[in-house]
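Engineer:
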Amino acid sequence: MAIKVGIPRALLYYRFYPLWKTFFTELGAEVIVSEPTTQEIFKKGLKKFVGDTCLPIKMVFGHVITLADKVDYLFIPRLVSIERDTCLCPHFAGLPDVLCAIMPDLPPILDIHFNVRKKGATMKSIYEAGKRFNKNPFKVYRAYQKAQREYEKFLKRIKDGITPQEAIKIFDGEEVSPPEKKKGGLNIALIGNPYTVYDSFSSLDIIQRLRKLGARIYTSEMIPDEIIEEKVRTLSKKIYWSFGKETVGSAFHFLDSPEIDGLIYIISFECGPDSLLKEIVDDKARKNKRVAYMSLVIDEHTGETGMDTRLDAFIEMIKRRRAKK
Amino acid sequence: MKATFPHMGRMDIFIKGIVKALGMEAVVPPTSSKKALNLGVKYAPEFVCLPFKLMLGNLIEAFERGADTVIMVSDRGPCRLGLYGLPMQIILKNLGYEANWLILNTPHALHGLFQLGIEKEVVKYRDKLTFVDGLLAFHFGWKKMLAIEEIERLSLKIRPYEINKGDTTKGLYQGMEAIESADNLYDLKKAKDAVIKDLRSIPQDRNRRPLKIAIAGEIFVVLDSFANLDIEKKLGELGCEVDRTIWFSTHILHHVGLDKFMRRSKGKAVRAARPYLKHPVGAECNATVGYAILYAEEGYDGFIHLMPFTCMPEFVAGGVLTRVSKDYNIPIFTVELEEHSSQTHLMTRLEAFVDLLKRKRQKRQGLEGSRGD
Numbered sequence: 001m002a003i004k005v006g007i008p009r010a011l012l013y014y015r016f017y018p019l020w021k022t023f024f025t026e027l028g029a030e031v032i033v034s035e036p037t038t039q040e041i042f043k044k045g046l047k048k049f050v051g052d053t054c055l056p057i058k059m060v061f062g063h064v065i066t067l068a069d070k071v072d073y074l075f076i077p078r079l080v081s082i083e084r085d086t087c088l089c090p091h092f093a094g095l096p097d098v099l100c101a102i103m104p105d106l107p108p109i110l111d112i113h114f115n116v117r118k119k120g121a122t123m124k125s126i127y128e129a130g131k132r133f134n135k136n137p138f139k140v141y142r143a144y145q146k147a148q149r150e151y152e153k154f155l156k157r158i159k160d161g162i163t164p165q166e167a168i169k170i171f172d173g174e175e176v177s178p179p180e181k182k183k184g185g186l187n188i189a190l191i192g193n194p195y196t197v198y199d200s201f202s203s204l205d206i207i208q209r210l211r212k213l214g215a216r217i218y219t220s221e222m223i224p225d226e227i228i229e230e231k232v233r234t235l236s237k238k239i240y241w242s243f244g245k246e247t248v249g250s251a252f253h254f255l256d257s258p259e260i261d262g263l264i265y266i267i268s269f270e271c272g273p274d275s276l277l278k279e280i281v282d283d284k285a286r287k288n289k290r291v292a293y294m295s296l297v298i299d300e301h302t303g304e305t306g307m308d309t310r311l312d313a314f315i316e317m318i319k320r321r322r323a324k325k
Numbered sequence: 326m327k328a329t330f331p332h333m334g335r336m337d338i339f340i341k342g343i344v345k346a347l348g349m350e351a352v353v354p355p356t357s358s359k360k361a362l363n364l365g366v367k368y369a370p371e372f373v374c375l376p377f378k379l380m381l382g383n384l385i386e387a388f389e390r391g392a393d394t395v396i397m398v399s400d401r402g403p404c405r406l407g408l409y410g411l412p413m414q415i416i417l418k419n420l421g422y423e424a425n426w427l428i429l430n431t432p433h434a435l436h437g438l439f440q441l442g443i444e445k446e447v448v449k450y451r452d453k454l455t456f457v458d459g460l461l462a463f464h465f466g467w468k469k470m471l472a473i474e475e476i477e478r479l480s481l482k483i484r485p486y487e488i489n490k491g492d493t494t495k496g497l498y499q500g501m502e503a504i505e506s507a508d509n510l511y512d513l514k515k516a517k518d519a520v521i522k523d524l525r526s527i528p529q530d531r532n533r534r535p536l537k538i539a540i541a542g543e544i545f546v547v548l549d550s551f552a553n554l555d556i557e558k559k560l561g562e563l564g565c566e567v568d569r570t571i572w573f574s575t576h577i578l579h580h581v582g583l584d585k586f587m588r589r590s591k592g593k594a595v596r597a598a599r600p601y602l603k604h605p606v607g608a609e610c611n612a613t614v615g616y617a618i619l620y621a622e623e624g625y626d627g628f629i630h631l632m633p634f635t636c637m638p639e640f641v642a643g644g645v646l647t648r649v650s651k652d653y654n655i656p657i658f659t660v661e662l663e664e665h666s667s668q669t670h671l672m673t674r675l676e677a678f679v680d681l682l683k684r685k686r687q688k689r690q691g692l693e694g695s696r697g698d
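Taken in sequence, the protein lines are chains W and R. Residue 311 in my numbering sits at position 311 of the first sequence; the count goes up by one each step and never skips. Adding 325 to a residue's 1-based position in the second sequence gives its number in my numbering.
This is the structure in structure tokens:
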């Protein structure tokens with residue numbers, strides 16, 4: 001029987017799932033993903049939780065608990081840094097340790113140390129991840145290469161204009177009809193950490209809501225890295241969080257691009273990086289008279305009605321602006 | 326140039342010492358107070374951590390007093406401290422305070438000082454000052470800082486024994502003032518000796534056996550007595566001997582790599598934490614966990630973990646500490662500090678914690694006693 005690897009549908013699932021899944025499947029493991037977040041899953045995690053922190057981290061706990069008795073290994077990589085010069089927020093570096101400390105009876109955690117800031121660490125971590133399934137480094141490497149090809153396809157699909165959720169569905173073999181291009185429709189850009197924006201529990205499915213209101217969605221994943229790099233260079237200090245950099249860079253880009261009508265910044269309450277970056281994005285947006293801007297701070301108590309009201313008002317505002325012109 | 330800097334504990338004494346010896350001008354913001362905090366809370370982002378709010382409040386107050394240059398430390402993450410500068414600049418600019426910002430891109434004080442020396446604003450003083458002057462000034466500031474820390478350490482040792490509550494704290498504040506006003510090394514030494522003598526002569530009841538508690542956590546809230554609601558004094562007056570794990574001087578020594586041979590160095594703590602934390606998470610996280618282990622092994626009764634609300638690295642430490650507490654059988658109390666934290670609330674919780682420790686000690690002694698019979 002194949003070894004079962006559990007991947008929680010949280011945090012960087014929305015960014016790396018195709019890569020992880022292909023890699024483990026190629027090595028002969030069976031990948032099990034937890035169900036999409038529901039109130040029930042979330043509450044399960046909250047019971048075990050100590051202290052207080054952002055919504056995405058709280059959600060991981062629930063996913064891990066639901067996976068725990070179904071799998072042989074839990075895949076919770078220790079992502080210190082995923083690109084050169086930047087790192088992730090400290091939660092990612094400590095998450096496997098916190099999970100271990102709070103819930104000692106979990107199945108073994110594959111806490112692969114991933115830090116591209118260090119030279120040669122990447123290859124080592126990949127082998128570290130694969131060696132439990134196949135001892136042969138070449139096979140592990142081949143599996144990784146295949147995974148990377150799948151991952152690039154996934155990224156390309158996103159760049160073509162669909163959301164990561166849809167790209168994951170396509171990767172899993174489901175049919176996804178691309179959003180229609182309506183003439184005169186509103187173009188709304190969504191920014192924020194991927195694990196807050198794309199989880200339909202935490203963001204209350206904001207993407208579908210906006211689409212129902214007739215908007216076309218743009219996300220920061222659709223912007224090439226070079227543009228983001230170029231935009232953040234205008235700041236006097238380098239932003240050292242990967243997603244923070246992406247958020248600010250794409251916000252600046254969207255504010256400058258003529259086709260965008262509105263920009264929404266989704267922040268989960270108590271998010272460390274976003275608490276500071278909001279100030280930078282707010283300031284830039286305040287000076288921009290053309291693009292309508294709104295920041296939504298969400299937590300587990302955010303209600304659907306409140307969200308609808310704010311989105312309705314936001315869309316109405318953009319429509320009026322257009323009519324004025 | 327009228328330079329200013331945000332407060333962190335008694336760091337102002339260190340910087341004032343240097344500035345004084347160099348004959349330069351500095352605007353020291355008024356000591357952190359409710360007013361500074363309210364100003365910070367008003368203009369800072371909503372859920373940013375407490376140090377940001379306090380520092381912002383300090384800077385606004387300093388600008389009101391005519392400062393025009395800000396000196397700040399910074400680092401390369403992953404803690405938020407490294408990016409404090411950008412939003413602060415935006416907020417203060419929108420408030421109408423234009424200033425020069427000297428952001429020292431490293432927390433390593435020595436390196437920062439050299440960088441500062443090269444900055445064009447300071448170059449003006451170059452013709453008057455030599456490198457030796459700079460070194461002497463640094464030495465003087467450093468000595469002052471050490472003197473302050475020495476009397477603080479002593480006060481922590483004496484407070485649980487004092488007979489009249491408040492004696493030690495009064496003596497400590499007077500002593501700090503005396504040391505602060507010293508102009509040269511000779512005066513400093515004289516002032517320090519006098520303060521130590523005064524503190525030692527406070528009436529004490531040496532028959533007490535105080536509980537031993539260690540305090541660790543995020544550096545700003547551990548060092549700043551306003552931010553941590555004077556937790557050391559509160560614990561001392563509840564009859565506990567407190568040991569603080571981080572001092573300004575040990576922090577600097579750690580960063581220049583000179584603390585290797587100290588009994589409780591940060592490096593040692595980080596190594597002790599390795600079974601629980603396999604990677605450096607950032608800031609003081611690993612050291613906090615390590616100190617809990619080291620102090621538990623030394624036989625301390627309790628451990629207090631201070632963190633600002635929403636602090637990222639210390640959240641990780643808090644999670645891991647729940648396990649350390651069980652494994653090493655040491656009660657650990659995590660205090661999350663924010664602008665709404667109240668003195669009474671903290672006091673009640675501390676009293677409960679101290680009660681718990683007392684009962685635990687009695688139980689242990691009872692067991693030892695029965696074994697002896």
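Beta carbons: idealized from backbone N, C-alpha and C, even for Gly.
Taking DSSP as the reference, what is the three-state secondary structure of V291/W?
Structural biologist: The answer is coil: DSSP assigns V291/W none of H, G, I, E or B.
Engineer: For the alpha helix (DSSP H) that R78/W lies in, which residues bound it at each end?
Structural biologist: No alpha helix (DSSP H) holds R78/W; the beta strand (DSSP E) holding it covers 78–81.
Engineer: What does the alpha-carbon distance come out to for the pair G130/W and F23/W?
Structural biologist: Those two C-alpha atoms are separated by around 8 Å.
Engineer: Just to make sure I have the definition right: I need the residues of chain W whose C-beta is within less than 7 Å of the C-beta of H604/R. Which are they?
Structural biologist: Neighbours of H604/R on chain W, chain order: R78, V80, A93, H113.
Engineer: Between the alpha carbons of G382/R and E230/W, how many angstroms are there, rounded?
Structural biologist: In a straight line, the C-alpha of G382/R is about 33 Å away from that of E230/W.
Engineer: By the criterion of Cβ-Cβ separation under 7 Å, what are the contact partners of Y601/R in chain W?
Structural biologist: Per Cβ cutoff of 7 Å: D97, A101.
Engineer: Let me know the beta strand (DSSP E) ranges lying completely inside the region 537–618 of chain R, each 3 residues or longer, listed in chain order.
Structural biologist: Entirely contained in the region 537–618 of chain R, the beta strand (DSSP E) runs reaching 3 residues are, in chain order, 565–569.
Engineer: Please tell me whether S275/W has its Cβ less than 9 Å away from any Cβ of chain R.
Structural biologist: Judged by the 9 Å Cβ criterion, S275/W is in contact with chain R.
Engineer: Kindly indicate which three-state DSSP category M636/R falls into: helix, strand or coil?
Structural biologist: One detail in the question is off: residue 636/R reads as Cys in this sequence, not Met. Residue state, collapsed to three classes: coil.
Engineer: Do we get a CB-CB distance below 9 Å when we pair K445/R with the residues of chain W?
Structural biologist: Caution applies to K445/R, whose pLDDT of 49 falls short of 50 and renders its modelled position unreliable; the value that the coordinates give is listed next. So no, K445/R is outside the interface.
Engineer: R335/R: buried (16+ other C-beta within 10 angstroms of its C-beta) or exposed?
Structural biologist: When all chains shown are included, R335/R counts as buried.
Engineer: What does I416/R touch in chain W if you count any residue whose Cβ is under 8 Å from its own?
Structural biologist: Near I416/R (Cβ distances below 8 Å), the residues of chain W are E279.
Engineer: Taking 9 Å as the CB-CB limit, is N553/R close to chain W?
Structural biologist: No, no contact with chain W.
Engineer: Report yes or no: is there a C-beta of chain W within less than 9 Å of the C-beta of M637/R?
Structural biologist: Yes, M637/R lies at the interface with chain W (some Cβ there is under 9 Å from its Cβ).
Engineer: Check whether the region 346–360 of chain R touches the region 278–294 of chain W, taking contact to mean three or more Cβ pairs, one atom from each stretch, closer than 8 Å.
Structural biologist: At 8 Å Cβ cutoff, the stretches do not touch.
Engineer: Hey, how far is the Cα of A189/W from the Cα of C89/W?
Structural biologist: The alpha-carbon atoms of A189/W and C89/W are separated by roughly 24 Å.
Engineer: Against F269/W, what residues of chain R qualify as contacts under a CB-to-CB distance less than 7 Å, listed in chain order?
Structural biologist: Those are F372, listed as they occur along chain R.
Engineer: Using the three-state DSSP reduction, which class does T329/R fall into: helix, strand or coil?
Structural biologist: Strand.
Engineer: Given a threshold of 16 other Cβ atoms within 10 Å of its Cβ, counted over all protein chains shown, does T37/W qualify as buried or as exposed?
Structural biologist: The residue is buried, with at least 16 neighbouring Cβ atoms inside 10 Å.
Engineer: Among R290/W, A323/W, T309/W, which residue has its Cα nearest to the Cα of L260/W?
Structural biologist: For clarity, residue 260/W is Ile in the given sequence; the question names Leu instead. With distances taken between Cα atoms, I260/W lies closest to R290/W.
Engineer: Do M413/R and F377/R have their C-beta atoms closer together than 9 Å?
Structural biologist: Cβ atoms of M413/R and F377/R: closer than 9 Å.
Engineer: Grab me the residues of P137/W's own chain with a C-beta within less than 7 Å of its C-beta, minus the 5 sequence neighbours each way, in chain order.
Structural biologist: Answer for P137/W: Y127, listed in chain order.
Engineer: Shorter than 9 Å from the beta carbon of V649/R to some beta carbon of chain W?
Structural biologist: Taking Cβ atoms only, chain W reaches closer than 9 Å to V649/R, which makes this a yes.
Engineer: Keeping to the same chain, check which residues put their C-beta closer than 7 Å to that of A608/R; ignore five residues upstream and five downstream.
Structural biologist: C404, E543, P638.
Engineer: H113/W lies in the beta strand (DSSP E); which residues open and close that run?
Structural biologist: 113–115 is the span of the beta strand (DSSP E), which, as asked, contains H113/W.
Engineer: If you draw a straight line from the C-alpha of L312/W to the C-alpha of P600/R, how long is it?
Structural biologist: Looking at the sequence itself, residue 312/W is Asp, so the reference to Leu does not match. Rounded to whole angstroms, D312/W to P600/R spans 52 Å at the Cα level.
Engineer: Which one or two residues does DSSP pair with V660/R in a beta bridge?
Structural biologist: Note: V660/R sits in a beta bridge opposite L631/R.
Engineer: For I488/R, count neighbouring C-beta atoms within 10 Å of its own C-beta (all shown protein chains included) and say buried if the count is 16 or more, exposed if not.
Structural biologist: Answer is exposed; the Cβ neighbour count stays below 16.
Engineer: List in chain order: all unbroken beta strand (DSSP E) runs of 3+ residues lying wholly within the region 195–263 of chain W.
Structural biologist: Runs found: 215–219.
Engineer: Report yes if the CB atom of P485/R is closer than 9 Å to the CB atom of C565/R, and no otherwise.
Structural biologist: Contact flag set, yes.
Engineer: How far does the alpha helix (DSSP H) with E26/W in it reach, from first residue to last?
Structural biologist: E26/W -> alpha helix (DSSP H) spans 13–26.
Engineer: Looking at the unbroken alpha helix (DSSP H) that takes in G342/R, where does it start and where does it end?
Structural biologist: 336–347 is the span of the alpha helix (DSSP H), which, as asked, contains G342/R.
Engineer: Spatial neighbours of E304/W within its chain, please: C-beta separation below 7 Å, excluding the five flanking residues on both sides.
Structural biologist: Contacts found: L204.
Engineer: Which value, in whole angstroms, describes the spacing of the CA atoms of F682/R and E35/W?
Structural biologist: What sits at residue 682/R in the sequence shown is Leu, not Phe. About 44 Å.
Engineer: Between the C-alpha atoms of Y198/W and V176/W, what's the straight-line distance to the nearest angstrom?
Structural biologist: Distance between the alpha carbons of Y198/W and V176/W: 16 Å.
Engineer: Return no unless some Cβ of chain W is closer than 9 Å to the Cβ of G644/R.
Structural biologist: At least one chain W Cβ lies under 9 Å of G644/R.
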